[in-house]
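Undergrad: All residue numbers for the sequence shown refer to our numbering, where the first residue is 9 and numbers rise by one. By construction, the Cβ of each residue, glycine as well, lies at the ideal position given by its N, Cα and C atoms. A quick note: this is a predicted structure, and the numbers were derived from the prediction, not measured. Just dropping this structure here.
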Amino acid sequence: MANTSPEDAALDLFRRLNPDKISKNLDTVLQYRPDLSEVLLSSIDQPLRSERCADSGNQYLLCDFNRDGDSYRSPWSNKYAPALDDGIVPSDHVRDIEVRLNNAMRVYVDMYYEGGVSSVYLWDQDEYYAGAVLIKKGSSDDASGWDSIHVFECLETGEPDKWDYQLTSTIILHMQSSSSSADESKLGLSGQLTRQTSQRLEVSDVYSQVANVGRMVEDMENRMRTFLQEVYFGKTNDVVNAIRSVMPLEEVKENEKRMSNVVSGMSKA
Numbered sequence: 009m010a011n012t013s014p015e016d017a018a019l020d021l022f023r024r025l026n027p028d029k030i031s032k033n034l035d036t037v038l039q040y041r042p043d044l045s046e047v048l049l050s051s052i053d054q055p056l057r058s059e060r061c062a063d064s065g066n067q068y069l070l071c072d073f074n075r076d077g078d079s080y081r082s083p084w085s086n087k088y089a090p091a092l093d094d095g096i097v098p099s100d101h102v103r104d105i106e107v108r109l110n111n112a113m114r115v116y117v118d119m120y121y122e123g124g125v126s127s128v129y130l131w132d133q134d135e136y137y138a139g140a141v142l143i144k145k146g147s148s149d150d151a152s153g154w155d156s157i158h159v160f161e162c163l164e165t166g167e168p169d170k171w172d173y174q175l176t177s178t179i180i181l182h183m184q185s186s187s188s189s190a191d192e193s194k195l196g197l198s199g200q201l202t203r204q205t206s207q208r209l210e211v212s213d214v215y216s217q218v219a220n221v222g223r224m225v226e227d228m229e230n231r232m233r234t235f236l237q238e239v240y241f242g243k244t245n246d247v248v249n250a251i252r253s254v255m256p257l258e259e260v261k262e263n264e265k266r267m268s269n270v271v272s273g274m275s276k277a
């Protein structure tokens, strides 16, 4: 530990803290070490916040990918709030892809999540463009929430109509049981999962670019959702079943005795 840098130590700390309280913990750490703000804010994914676009009336998500100073750009109007005269915006071609992706992801969220907020932000790069697909779904009482952050970049390969897509996805999940009394204890479950993938895909026009990004996000979310179900929910179910039985204790002991008798009889046969 003597050779560990403050940046590595802080990142290692956040890997062990409750993801449900990551924003509060981040504010606390930065109060004591403001010099780590650039590293931590750019490296640690936080639960997404939403705002409503003044022009379109649609909700959009706030993050570092659409922030310029203290203002945030709406993917629907391409304007910053509070207004900025020199805010960074994508080029016309990239903006066209951004608009199409936002419309596509809005349909995706309605179909898969039955409501929620999605936002897609693209920005120009020397080798074409990169972007982020953000999805937020929460319960009506805000006791549970799902935040998925998919950051990708598109790189030309030198092959005709072939691009390399690199995707890094992070899911922040938190759930808490509701109780009717303040004296009752609540069961909470939270976690954060990050996965990466890359594919070489064919690109012929703007529609194929939208389809490629959408398909990669969909496939990644399906894999991560399955993993979360098996590890988080499956393991929690096993633990709860091991410490609590819905059957009376006498009945459980009687069943165990019968099973023991059956096994003993089979071994003597």
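1) Hey, could you find the ends of the beta strand (DSSP E) G139 is sitting in?
2) Apart from the five residues just before and just after L109, which ones in its own chain have a Cβ nearer than 8 Å to its Cβ?
3) Which residue wins for smallest C-alpha separation from I157, given the options E59, D132, L69, G65?
4) Mapping the DSSP letters down to three states, classify V159 as helix, strand or coil.
5) Identify every residue that forms a DSSP beta bridge with T165.
6) Once the 5 residues before and after Q133 are set aside, which same chain residues still bring their CB inside 8 Å of it?
7) Hey, would you say Y240 sits closer than 8 Å to S206, going by beta carbons?
8) What did DSSP end up calling A112 once you bin it into helix, strand or coil?
9) Cutting at 7 Å between CB atoms, please list the residues of its own chain near T165, excluding the five before and the five after it.
10) Considering Cα atoms alone, identify which of R75, D63, E46 is closest to L56.
11) Taking its Cβ as the centre, do 16 or more other Cβ atoms sit within 10 Å of M119, making it buried, or is it exposed?
12) Going by DSSP, what residue range makes up the alpha helix (DSSP H) through I30?
13) Is V125 helix, strand or coil when you go by DSSP?
14) Label F235 either buried or exposed according to how many other C-beta atoms from any shown protein chain fall within 10 Å of its C-beta, with 16 as the threshold for buried.
15) Which residue wins for smallest C-alpha separation from L175, given the options L163, Q184, V159, R266?
16) With N26 and S198 assumed to form a contact (beta carbons below 8 Å), what rounded beta-carbon distance in angstroms separates them?
17) By DSSP, does L209 sit in helix, in strand, or in coil?
18) Could you check the C-alpha separation between A18 and R24 for me, to the nearest Å?
19) How big is the Cα-Cα spacing for V225 and S177?
20) How long is the line joining the alpha carbons of Q237 and R231, rounded to whole angstroms?
21) Should S99 and R114 be called a contact, given that it needs their Cβ atoms to be closer than 8 Å?
22) Quick check: what's the CA-CA separation for S45 versus V260?
23) Exposed or buried, which one is L49 when buried takes at least 16 other CB atoms within 10 Å?
24) For the beta strand (DSSP E) that L92 lies in, which residues bound it at each end?
25) May I ask you to report which of helix, strand or coil DSSP gives M9?
26) Spatial neighbours of V117 within its chain, please: C-beta separation below 8 Å, excluding the five flanking residues on both sides.
27) Within 10 Å of its beta-carbon, does I96 have 16 or more other beta-carbons around it, so buried, or fewer, so exposed?
TA: In terms of the structure at hand:
1) For the purposes of this step, residue 139 is taken as residue 131 along the sequence shown, with counting starting at 1. Counting along the chain, the beta strand (DSSP E) containing G139 begins and ends at 136-146.
2) Here the question's residue 109 lines up with position 101 in the sequence shown. V128, L130, G139, V141, V218, V221, G222, listed in sequence order.
3) Mapped onto the sequence shown, residue 157 falls at position 149. The shortest CA-to-CA distance from I157 to any of E59, D132, L69, G65 is the one to L69.
4) Residue mapping note: residue 159 aligns to position 151 of the sequence shown, counting from 1. Strand, per DSSP.
5) Here residue 165 refers to the residue found at position 157 of the sequence shown. Answer is none; T165 lacks a bridge partner.
6) Reading the sequence shown from its first residue, position 125 is the one you call residue 133. The answer, listed in chain order, is E161.
7) By 1-based counting over the sequence shown, the position of residue 240 is 232. By 1-based counting over the sequence shown, the position of residue 206 is 198. No, the Cβ-Cβ distance between Y240 and S206 is not below 8 Å.
8) Taking the first residue of the sequence shown as 1, we reach residue 112 at position 104. A112 falls in the helix class under three-state DSSP.
9) Translated into positions along the sequence shown, residue 165 becomes position 157. Closer than 7 Å at the Cβ level, and outside the excluded window around T165, lie W171, D172, R208.
10) Here residue 56 refers to the residue found at position 48 of the sequence shown. Of the listed residues, the one whose Cα sits closest to L56 is R75.
11) Numbered from 1 along the sequence shown, position 111 holds the residue referred to as residue 119. M119 should be labelled exposed.
12) For this step, residue 30 is matched to residue 22 along the sequence shown. Under the DSSP assignment, I30 falls in the alpha helix (DSSP H) whose first and last residues are 30-40.
13) Within the sequence shown, numbered from 1, the residue matching residue 125 stands at position 117. In the structure shown, V125 sits in a strand (DSSP, three-state: E or B).
14) Locating residue 235 in the sequence shown gives position 227, where the first residue counts as 1. Exposed is the call here.
15) Counted from its first residue, the sequence shown places residue 175 at position 167. For L175, the nearest C-alpha among the options comes from V159.
16) Translated into the one-based positions of the sequence shown, residue 26 becomes position 18. Translated into the one-based positions of the sequence shown, residue 198 becomes position 190. Approximately 6 Å separates the beta-carbon atoms of N26 and S198; this is inside 8 Å, confirming the contact.
17) As a position in the sequence shown, residue 209 is number 201, starting the count at 1. Correct three-state label for L209: strand.
18) For the purposes of this step, residue 18 is identified with residue 10 of the sequence shown, where counting begins at 1. For the purposes of this step, residue 24 is identified with residue 16 of the sequence shown, where counting begins at 1. Straight-line Cα distance between these residues: approximately 10 Å.
19) The residue labelled residue 225 in the question sits at position 217 within the sequence shown. The residue labelled residue 177 in the question sits at position 169 within the sequence shown. Distance between the alpha carbons of V225 and S177: 8 Å.
20) For this step, residue 237 is matched to residue 229 along the sequence shown. For this step, residue 231 is matched to residue 223 along the sequence shown. If you take the alpha carbons of Q237 and R231, they lie about 10 Å apart.
21) As a working mapping, residue 99 is identified with position 91 in the sequence shown. As a working mapping, residue 114 is identified with position 106 in the sequence shown. Against a cut-off of 8 Å, the Cβ pair of R114 and S99 comes out as no contact.
22) For this step, residue 45 is matched to residue 37 along the sequence shown. For this step, residue 260 is matched to residue 252 along the sequence shown. Near 55 Å, if we compare the C-alpha coordinates of V260 and S45.
23) Within the sequence shown, the letter at position 41 stands for residue 49. The residue in question, L49, is exposed, as its Cβ has fewer than 16 Cβ neighbours within 10 Å.
24) Numbered from 1 along the sequence shown, position 84 holds the residue referred to as residue 92. Looking at the DSSP string, L92 is not in any beta strand (DSSP E), and its letter there is neither H nor E.
25) The count along the sequence shown starts at 1 and reaches residue 9 at position 1. At M9, the pLDDT of 47 sits below 50, so the modelled position is not reliable and the matter cannot be decided from this model.
26) What you label residue 117 is simply residue 109 of the sequence shown in a count that begins at 1. Cβ neighbours of V117 beyond the five flanking positions: G123, G124, V125, S126, I143, K145.
27) In the sequence shown, counting from the first residue as 1, residue 96 sits at position 88. Flag for I96 reads exposed.
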